[in-house]
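Participant:
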């Protein structure tokens, strides 16, 4: 891992200059007995370095933030201008939520490098609710689910001892690996004929560029490996005919999000119940992502941080419902990017949140970001999602998998969680409320791993109050 940079404090967890890669250096404690410096998470790099580092997070997350409202709007047959309003509102709320999560305010925000955005888990319920009751009912249900998240966040934090490495490692691994098919979809394309062999070649070239930069470039440049891969891949897409910049020319230079375009939030009980199920899934995912980032950066894998993170999720979801958008959750992509680039400064990610807010008011910039070819974005996403899965496996390594009960827990949780990846219609015969949970392999994995760990290791968990530190044995 890289040594200290010109900021005077490395952006990565301390494996400082002069130390071998396998040596342990206390976080934020420089050599020579000098007073401890700021934790790498709290380091604020110079603006000229923050901007490209932040762009990496923005480019990786943008497709997810635009896709959720796009799919819902298309399914509800909304006109194009209304779909654009949904996208702008989603970007605005995601940016505000990212700023809150990274910078923190009072009892809100994990103060970790976490990107926030809308969740794909809500797509099916949002479409069903929208068709029956209108989008106003979707936003009302979103608002209520955020309030419930705020209410139960402290309870989730106090129950963190019930999420040992056996559970959290399994959840995080499935989060990463279950997202791989979405990266494949970006690479192959969804239109007639897809992207063909050119798309596969472009994705492969993008991954190769990321690997070569990571391996050969100086540390300061290697931290930009994803951004360099995205830029180089986009250039390579030109002769292949896989770059389409027409949307940039057609986009408005500036526009204001309209929170009342679909009416004031409407509160319908069945819609609220469906969205509460979605929010349960989101909370499980947020806990896993928060703990994973805490592990990577060496801070924040504890109950108070998880509670503050969930409060930020809840507050952001309340604002999202009020401004005409969807439930907000942590983005697993950011976990992978932090791990790959080793840039752990929360201020870098906070700047990406500020850029999202800017994009909400300047559609032409959003169109420029969206012009990154799918195979390029998919190739980079493949690296990110695989990295999240690898982080989960690393955490799982702390569990005693020589114990047959633990091995059975992992086997069943992985098996059930990955069913929707290979067989998306597997749960089609079940009622909608059950499909909302089971079609999300992440939720099914979390609930099953949690239940089996209680069944097999209840006494052991009681003796070990925390489950995600080096001192624990599960």
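In the numbering used here, the protein residues as written are 54 to 527.
Ideal Cβ positions, reconstructed from N, Cα and C, are used throughout, including at glycine.
DSSP three-state call for residue 170: helix, strand or coil?
Facilitator: Strand at residue 170.
Participant: Compare the beta carbon distance of residue 448 and residue 218 with 8 angstroms and say whether it is the shorter of the two.
Facilitator: Contact: yes.
Participant: Which term fits residue 458, buried or exposed, when burial requires 16 or more other beta carbons within 10 angstroms of its beta carbon?
Facilitator: Exposed: under 16 other Cβ atoms inside 10 Å.
Participant: With C-beta atoms as the reference, is residue 374 less than 8 angstroms away from residue 323?
Facilitator: Contact: no.
Participant: If distances are taken between C-alpha atoms only, which option among 174, 257, 250, 405 comes closest to residue 332?
Facilitator: The candidate whose alpha carbon is nearest that of residue 332 is 174.
Participant: Does DSSP put residue 508 in a helix, in a strand, or in coil?
Facilitator: Residue 508 falls in the helix class under three-state DSSP.
Participant: Taking C-beta to C-beta, are residue 265 and residue 429 nearer than 8 angstroms?
Facilitator: Against a cut-off of 8 angstroms, the Cβ pair of residue 429 and residue 265 comes out as no contact.
Participant: On the three-state DSSP scale, how would you describe residue 426?
Facilitator: DSSP places residue 426 in coil when its eight states are reduced to three.
Participant: Taking buried to mean at least 16 other C-beta atoms within 10 Å of its own C-beta, is residue 354 buried or exposed?
Facilitator: Buried is the call here.
Participant: Looking only at its own chain, which residues have a Cβ that is under 6 angstroms from the Cβ of residue 111, when we skip the five neighbours before and after it?
Facilitator: For residue 111, where only same-chain residues beyond five positions count, the Cβ hits under 6 angstroms are 405, 408.
Participant: Would you decide whether residue 91 is buried or exposed? Buried here means 16 or more other CB atoms lie within 10 Å of its CB.
Facilitator: With fewer than 16 Cβ atoms within 10 Å of its Cβ, residue 91 is classed as exposed.
Participant: Which residue or residues does DSSP assign as beta-bridge partners of residue 381?
Facilitator: According to DSSP, which records beta bridges pairwise, residue 381 is partnered with 171.
Participant: Tell me the DSSP secondary structure of residue 158 in three-state form.
Facilitator: Three-state DSSP puts residue 158 in a strand.
Participant: Short of 6 angstroms in beta carbon distance, which residues of its chain neighbour residue 220, apart from the five on each side in sequence? Order them along the chain.
Facilitator: Once the five neighbours on either side are set aside, the close Cβ partners of residue 220 are 502, 503, 506.
Participant: Is it the case that the stretch 418-433 contacts the stretch 99-116, given that we only count it when at least three CB pairs across the two stretches are under 8 angstroms?
Facilitator: The stretch 99-116, when compared against the stretch 418-433, does touch it at the 8 angstroms Cβ threshold.
Participant: Throw me the rounded Cβ distance for the residue 286 and residue 248 pair, which I believe falls under 8 angstroms.
Facilitator: Not quite, the Cβ-Cβ distance comes to about 12 angstroms (not below 8 angstroms), so this is no contact.
Participant: Quick one: grab the DSSP three-state call for residue 111.
Facilitator: Residue 111 falls in the helix class under three-state DSSP.
Participant: In angstroms, rounded to a whole number, what distance separates the CA positions of residue 443 and residue 316?
Facilitator: Whole-angstrom Cα-Cα distance: 44 angstroms.
Participant: Just the Cα atoms here: how many angstroms apart are residue 480 and residue 178?
Facilitator: Going by the C-alpha atoms only, they are around 15 angstroms apart.
Participant: Taking all protein chains shown into account, do 16 or more other C-beta atoms lie within 10 angstroms of the C-beta of residue 383, making it buried, or fewer, making it exposed?
Facilitator: So residue 383 counts as buried.
Participant: Grouping DSSP H, G and I as helix and E and B as strand, with all else coil, what is residue 459?
Facilitator: Three-state DSSP puts residue 459 in a helix.
Participant: If you drop the 5 nearest sequence neighbours on each side, which residues of the same chain put their C-beta closer than 6 angstroms to that of residue 230?
Facilitator: Taken in chain order, the residues that qualify are 442.
Participant: Report all residues from its chain with a CB closer than 7 angstroms to the CB of residue 195; omit the five preceding and five following residues, and keep chain order.
Facilitator: If we look at residue 195 and ignore the five residues flanking it on each side, its Cβ neighbours are 328, 370, 373, 374, 379, 380.
Participant: Tell me the DSSP secondary structure of residue 214 in three-state form.
Facilitator: Helix, per DSSP.
Participant: Tell me whether residue 398 sits in a helix, a strand or coil according to DSSP, three-state version.
Facilitator: Residue 398 falls in the coil class under three-state DSSP.
Participant: Could you tell me whether the Cβ atoms of residue 362 and residue 154 are closer together than 8 angstroms?
Facilitator: It is a contact, given that the beta carbons lie within the stated cut-off.
Participant: Touching or not, the stretch 119-137 and the stretch 387-394, by the rule of three or more beta carbon pairs under 8 angstroms?
Facilitator: No, they do not touch.
Participant: Where residue 438 and residue 95 are concerned, what is the direct C-alpha to C-alpha distance, given to the nearest angstrom?
Facilitator: Computed Cα separation, rounded: 25 angstroms.
Participant: Quick check: what's the CA-CA separation for residue 238 versus residue 435?
Facilitator: Each residue's alpha carbon lies about 11 angstroms from the other.
Participant: Report the three-state DSSP secondary structure of residue 341 (helix, strand or coil).
Facilitator: Reduced to three states, the DSSP call for residue 341 is helix.
Participant: I need the DSSP call for residue 78, collapsed to helix, strand or coil.
Facilitator: Here residue 78 scores only 35 on pLDDT, less than 50, and its place in the model is too uncertain to base an answer on.
Participant: I'd like to know if the stretch 274-282 and the stretch 468-487 are in contact, where contact means that at least 3 CB-CB pairs between them fall below 8 angstroms.
Facilitator: As far as the Cβ criterion goes, the stretch 274-282 does not touch the stretch 468-487, which means the pair count is below three.
Participant: For residue 493, does the three-state DSSP call read helix, strand or coil?
Facilitator: Looking at residue 493 - three-state DSSP - the assignment turns out to be coil, as it is neither helix nor strand.
Participant: What is the rounded straight-line gap between the Cα of residue 198 and the Cα of residue 359?
Facilitator: Residue 198 and residue 359: Cα-Cα distance of roughly 18 angstroms.
Participant: For residue 346 and residue 215, what's the separation of their Cα atoms in angstroms?
Facilitator: Taking the straight line from one Cα to the other gives about 19 angstroms.
Participant: Could you pull the start and end residues of the alpha helix (DSSP H) that residue 178 belongs to?
Facilitator: Looking at the DSSP string, the run of the alpha helix (DSSP H) that includes residue 178 is 176-186.
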